[in-house]
Amino acid sequence: MAAGPGTLPADSVRAMFDRIAGVYDVMNTVMTAGLHHRWRSRAVDLARVGPGTRALDVASGTGDLAIEIASRGGDVVGSDFSQGMLDRARVKAPGLTWEQADATALQYADDEFDAATVGFGARNFGDLPQGLREMVRVVKPGGRVVILEITTPQKPPLSTFFSVWFDRIVPLMGRFDDAYTYLPASVKRFPGPEALAGELVAAGCKDVGWVLTAGGIIAIHHGTVA
1 MAAGPGTLPA DSVRAMFDRI AGVYDVMNTV MTAGLHHRWR SRAVDLARVG PGTRALDVAS
61 GTGDLAIEIA SRGGDVVGSD FSQGMLDRAR VKAPGLTWEQ ADATALQYAD DEFDAATVGF
121 GARNFGDLPQ GLREMVRVVK PGGRVVILEI TTPQKPPLST FFSVWFDRIV PLMGRFDDAY
181 TYLPASVKRF PGPEALAGEL VAAGCKDVGW VLTAGGIIAI HHGTVA
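Counting from 1, one number per residue, gives the positions in the sequence shown under the working numbering.
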């Protein structure tokens, strides 16, 4: 059976990110006008990491969120299932720990970290509920789980802008690769803020909330492991 829009088999997603690893950072900066660094900084604020804490950044990609965690004095492991993305992360921050890992079957022990984060990667989990359960599992009770993700604004004019930008402009910008056709489709199929909050609760978090920024295009969910 063919995959639905915004859905690809895990091997295809991995291969896609291996292909675009070399241009991923440039495309992120162009598509967000450089604002993605600010959003990552806010996500790390909500993760409450700092000296003496240990964090896992899941689906770390080229490592920007893990690097931000490290800049706060926290010990961090950046994990991703794409070797190509991890190779770029290692070039950017050779002093950090980078490990290949499947977000839905993490190799880490229960209660090993003080926080788990994911930035723009949860949409690519092969099984979102399972990926969230794994993030919760590896975090100590009282620790934090934070998800930074694109979401679909519901009201104009932002909803109109979002539709034009992601459905028409982004695929043209990334016309060299089908990854940037996959991107808007994957955003559309991803749960909205309330539904994602419910997924976090079901995975084992309490005190779940979210922050909308960039006019409602970006959502940062946060919860405490029960």
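Here a beta-carbon is modelled for each residue, glycine too, at the ideal position from N, C-alpha and C.
Predicted, not measured: the structure shown is a model, and the values here were computed from it.
The beta carbon of Gly209 lies closer than 8 Å to those of Ala197, His221, His222, Gly223 in the same chain, with the five residues before and after it left out. With respect to the 8 Å criterion, Val76 and Ala116 are not classified as neighbours on the basis of their beta carbons.
Excluding its 5 nearest sequence neighbours in each direction, Gly131 has C-beta neighbours in its own chain below 6 Å: Ala103, Thr104, Phe125, listed in chain order. With respect to the 8 Å criterion, Ala15 and Pro129 are not classified as neighbours on the basis of their beta carbons. The bridge partners DSSP lists for Ala116 are Leu56, Val145.
Setting aside the 5 residues that flank it on each side, Val201 is surrounded in the same chain by Val208, each with a C-beta closer than 6 Å to its C-beta; the list follows chain order. Excluding its 5 nearest sequence neighbours in each direction, Pro141 has C-beta neighbours in its own chain below 8 Å: Asp111, Val225, Ala226, listed in chain order. In the DSSP annotation of this structure, Leu106 is not part of any beta strand (DSSP E), being labelled neither H nor E. In the three-state scheme derived from DSSP, where H, G and I count as helix and E and B as strand, Gly209 is classed as strand. Sixteen is the threshold: when 16 or more other Cβ atoms of the shown chains lie within 10 Å of the Cβ of Arg40, as they do, the residue is buried.
For Asp127, there is no enclosing beta strand (DSSP E), as DSSP marks it with neither H nor E. Counting along the chain, Ala219 sits inside the beta strand (DSSP E) bounded by residues 218–225. DSSP places Val76 outside any alpha helix (DSSP H); the residue lies instead in the beta strand (DSSP E), whose first and last residues are 75–80. In the DSSP assignment, Thr29 falls within the alpha helix (DSSP H) that extends over 10–32. Distance between Ile217 and Gly192, taken at the CA atoms: about 11 Å. Take the alpha-carbon of Ala47 and the one of Val136: they are about 13 Å apart.
Scanning its chain for C-beta atoms nearer than 6 Å, with the 5 sequence neighbours on each side dropped, one finds around Trp98 the residues Gly78, Leu86, Ala89, Arg90, in chain order.
Val30 and Tyr24 have their C-alpha atoms spaced approximately 10 Å apart. In the three-state scheme derived from DSSP, where H, G and I count as helix and E and B as strand, Thr151 is classed as coil.
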